[in-house]
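Protein chains in written order, with my numbering: chain A, 1 to 305; chain B, 306 to 570. Working notes, structure below.
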Amino acid sequence: MNIYLPIAEVAVNAFLVLGLGGMVGVLSGMFGVGGGFLLTPLLFFIGIPPAVAVATGANQIVASSVSGVLAHLRRRTVDLKMGGVLQGGGIVGAALGIAIFNYLKSLGQVDLFVTLCYVVFLGIVGGLMFIESVNALRKSRRGAPPKRKQRGWVHSLPFKMRFRTSGLYISVIPPLAVGLFVGMLTAIMGVGGGFIMVPAMIYLLGMPTKVVVGTSLFQIITVTAATTMMHAITNQTVDIVLAVLLLIGGVVGAQFGTRIGVLLKAEQLRILLALLVILVCAKLALDLLLEPSELYSISPIRTAK
Amino acid sequence: MGSMDRFRMISGLAVLILSLWWALFGARTASAEEVVLGLSHDRVAITATFDGSEILIFGAVKRETPISATAPLEVIVTISGPKEPVMVRRKERSMGIWVNTDSVAVDSAPSFYAVATSAPFSEVLSDTEDLRHKVSIRRAIRSVGSTLEGAQAFKEALMRIREENGFYSLQENVVSLDEQTLFRTALQMPADLIEGQYETRIFLTRDGTVVSQYETVIEVNKVGLERFLFNLSREQPPLYGLLALIIAVLSGWGAAAIFQLLRNG
Numbered sequence: 001m002n003i004y005l006p007i008a009e010v011a012v013n014a015f016l017v018l019g020l021g022g023m024v025g026v027l028s029g030m031f032g033v034g035g036g037f038l039l040t041p042l043l044f045f046i047g048i049p050p051a052v053a054v055a056t057g058a059n060q061i062v063a064s065s066v067s068g069v070l071a072h073l074r075r076r077t078v079d080l081k082m083g084g085v086l087q088g089g090g091i092v093g094a095a096l097g098i099a100i101f102n103y104l105k106s107l108g109q110v111d112l113f114v115t116l117c118y119v120v121f122l123g124i125v126g127g128l129m130f131i132e133s134v135n136a137l138r139k140s141r142r143g144a145p146p147k148r149k150q151r152g153w154v155h156s157l158p159f160k161m162r163f164r165t166s167g168l169y170i171s172v173i174p175p176l177a178v179g180l181f182v183g184m185l186t187a188i189m190g191v192g193g194g195f196i197m198v199p200a201m202i203y204l205l206g207m208p209t210k211v212v213v214g215t216s217l218f219q220i221i222t223v224t225a226a227t228t229m230m231h232a233i234t235n236q237t238v239d240i241v242l243a244v245l246l247l248i249g250g251v252v253g254a255q256f257g258t259r260i261g262v263l264l265k266a267e268q269l270r271i272l273l274a275l276l277v278i279l280v281c282a283k284l285a286l287d288l289l290l291e292p293s294e295l296y297s298i299s300p301i302r303t304a305k
Numbered sequence: 306m307g308s309m310d311r312f313r314m315i316s317g318l319a320v321l322i323l324s325l326w327w328a329l330f331g332a333r334t335a336s337a338e339e340v341v342l343g344l345s346h347d348r349v350a351i352t353a354t355f356d357g358s359e360i361l362i363f364g365a366v367k368r369e370t371p372i373s374a375t376a377p378l379e380v381i382v383t384i385s386g387p388k389e390p391v392m393v394r395r396k397e398r399s400m401g402i403w404v405n406t407d408s409v410a411v412d413s414a415p416s417f418y419a420v421a422t423s424a425p426f427s428e429v430l431s432d433t434e435d436l437r438h439k440v441s442i443r444r445a446i447r448s449v450g451s452t453l454e455g456a457q458a459f460k461e462a463l464m465r466i467r468e469e470n471g472f473y474s475l476q477e478n479v480v481s482l483d484e485q486t487l488f489r490t491a492l493q494m495p496a497d498l499i500e501g502q503y504e505t506r507i508f509l510t511r512d513g514t515v516v517s518q519y520e521t522v523i524e525v526n527k528v529g530l531e532r533f534l535f536n537l538s539r540e541q542p543p544l545y546g547l548l549a550l551i552i553a554v555l556s557g558w559g560a561a562a563i564f565q566l567l568r569n570g
């Protein structure tokens with residue numbers, strides 16, 4: 001069954017979009033990532049114009065994150081205080097990111113830059129997570145208790161704050177910086193940024209894996225909601241019909257994902273996420289390295305309406 | 306008073322010249338063979354489940370004189386979507402990766418363009434006539450002032466990509482013509498239509514020369530919910546953005562609540 005999208009001005013198969021939303025929703029619930037890094041390229045692939053895909057993707061991530069966060073709230077695995085600090089940094093970061101994005105657009109190589117960003121960040125994060133979680137899994141197999149994070153430079157900074165849910169007493173500077181950085185990526189890459197934030201929370205802030213997923217989702221809601229509004233107002237590229245299709249699939253998927261996530265061990269969860277991140281990275285890298293079958297591409301020059 | 310007389314004289318002269326001009330050239334432009342056209346529909350409504358549309362174009366050739374025996378009559382039908390400027394970019398390998406390097410702006414390319422003919426295109430229309438009336442796909446795209454060497458390759462790429470996606474098509478021998486008088490064809494319009502006025506032209510040709518031409522417009526419009534959402538997004542962007550967010554939050558919350566109920570119940 002085909003559905004005509006009023007803003008994108010293309011007709012798409014409704015079930016295909018529902019399926020895409022569902023798949024991304026499952027990942028979102030399992031790993032606490034918004035799934036944008038997967039959703040946005042997939043939307044390009046089915047023929048949605050990139051500007052619409054990025055904007056609508058952000059809106060869809062809001063829905064699946066709300067759904068996921070509620071499931072996590074019930075299990076008390078959201079650090080609201082930490083989330084608030086991250087959001088503060090995130091909104092400032094998003095504004096900075098928009099400025100950088102527009103500057104690159106004026107230079108004319110924004111597509112390439114975004115793809116390179118994906119390859120670099122997904123590659124680094126995926127690689128590190130994979131190595132670390134394989135090591136952790138080996139250790140836990142041998143029966144040795146997983147080592148608690150040692151206190152590094154992060155703990156010697158001023159402005160300390162107590163985060164009870166995470167069991168942390170650390171400076172607010174690192175979480176603010178993480179939020180800022182992720183907010184910037186949100187604006188530039190059109191993603192929720194969970195794939196950066198989850199590892200940053202675990203390895204940099206030393207938060208327990210249990211609360212990381214819920215807290216990450218909580219932060220993502222605010223930043224993606226702000227992004228959706230910015231796109232709706234400045235570019236008018238949010239397609240509600242596409243969003244509704246994606247989020248019907250997405251919210252259902254997120255619920256299943258959260259349940260699956262509970263069943264798996266933290267290390268297994270991390271290995272799976274790492275593999276997924278590496279896979280997307282490899283696909284994007286190949287696209288850059290291999291000769292494309294069609295060297296030419298068309299984009300309409302939209303006159304300001 | 307004198308100026309008034311002069312005005313009368315000049316206007317009288319103008320009327321005379323106009324009627325003379327009409328007698329001389331008007332007779333030539335009003336051709337012996339004219340198109341009487343019918344369309345299965347002159348409006349395409351894009352609804353939520355819009356899945357393309359087939360337009361039946363049929364008509365008759367009206368003539369005062371008997372059919373001239375010189376060359377057979379042929380018919381060309383074209384439908385053109387709204388024209389817009391497009392940017393065509395080409396990738397090149399640079400430092401190991403494929404990067405967009407050169408780009409050419411095409412001034413005006415129709416978003417959709419279909420040509421249907423009653424015989425092979427080269428037999429139906431001569432190149433000079435094609436140049437004058439801009440009938441073929443190549444001629445329907447206007448690109449002037451592209452300074453880059455080899456800009457032609459970019460235009461060809463544009464045509465190739467749009468033909469592969471079904472937006473441009475040349476369909477030869479699909480207009481059926483009976484007794485050189487009644488003609489009929491069906492043109493398929495894809496699901497990915499954009500809104501606008503679709504200019505529809507019918508050419509009657511003999512020996513590669515256009516003997517008569519008829520133009521009409523097919524309106525393609527979004528209707529209902531599609532129309533409402535599109536207008537809202539353009540006229541009330543903050544409201545539209547909020548609506549999108551509210552839908553997102555409510556559906557996220559709704560799904561969580563339903564699953565909770567299912568688990569408990």
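All C-beta atoms, glycine included, are put in the ideal place defined by N, C-alpha and C. Source: prediction; values computed, not measured.
- The DSSP-derived three-state label of B/Met-400 is coil.
- Of all residues in the region 263–278 of chain A, none has a C-beta nearer than 9 angstroms to a C-beta of chain B.
- Neighbourhood of B/Leu-548 in chain A, by CB distance below 8 angstroms: Ile-240, in chain order.
- Each of A/Val-238, A/Ala-285, A/Gly-90 and A/Gln-60 was checked against the Cα of A/Met-197, and the nearest Cα belongs to A/Gly-90.
- Secondary-structure assignment with DSSP links B/Thr-510 through a beta bridge to B/Glu-379 and B/Val-515.
- Of all residues in the region 387–419 of chain B, the ones placed with a Cβ closer than 9 angstroms to any Cβ belonging to chain A are Glu-389, Pro-390, Val-391, Met-392, Val-393, Arg-394, Arg-395, Lys-396, Glu-397, Arg-398, Gly-401, Ile-402, Trp-403, Val-404, Asn-405, Ser-408, Ala-410, Val-411, Ala-414 and Ser-416, in chain order.
- No Cβ-Cβ contact shorter than 9 angstroms links B/Val-409 with B/Val-440.
- Annotated three-state conformation of B/Asp-432 is helix, per DSSP.
- A Cβ-Cβ separation of about 6 angstroms places A/Ile-233 in contact with B/Pro-543 under the 8 angstroms criterion.
- Contact check for B/Thr-505 against B/Val-480 fails: the beta carbons are separated by 9 angstroms or more.
- Exposure of B/Gln-457 is indicated by the presence of fewer than 16 other C-beta atoms within 10 angstroms of its C-beta.
- Residue state for A/Val-78 is assigned as coil, using DSSP reduced to three classes.
- Distance between A/Ala-63 and A/Leu-247, taken at the CA atoms: about 6 angstroms.
- About 14 angstroms separates the beta carbon of A/Gln-60 from that of A/Val-223, a gap too long to meet the 8 angstroms contact definition.
- Note that the C-beta distance between A/Thr-115 and A/Leu-284 is below 9 angstroms.
- Straight through space, the alpha carbons of B/Glu-397 and A/Val-24 are spaced by roughly 33 angstroms.
- Interface criterion met: the Cβ of B/Gly-559 is under 9 angstroms from a Cβ in chain A.
- Setting aside the 5 residues that flank it on each side, A/Thr-215 is surrounded in the same chain by Val-78, Asp-79, Met-82 and Gly-83, each with a C-beta closer than 6 angstroms to its C-beta; the list follows chain order.
- Close CB contacts of A/Gly-123 within its chain, under the 8 angstroms cut and outside five residues either way in sequence, are with Ile-278, Cys-281 and Ala-285 (chain order).
- About 7 angstroms separates the CB atoms of A/Gly-179 and A/Gln-219; that is less than 8 angstroms, so the two are in contact.
- Counting only residues of its own chain and dropping the five nearest sequence neighbours on each side, A/Pro-49 has a CB closer than 7 angstroms to the CB of Ala-8.
- Excluding five sequence positions before and after B/Ser-538, the CB atoms of its chain that fall closer than 6 angstroms to its own CB belong to Tyr-545, given in chain order.
- Fewer than three Cβ pairs drawn from the region 227–244 of chain A and the region 165–177 of chain A lie within less than 8 angstroms of each other, which leaves the two stretches out of contact.
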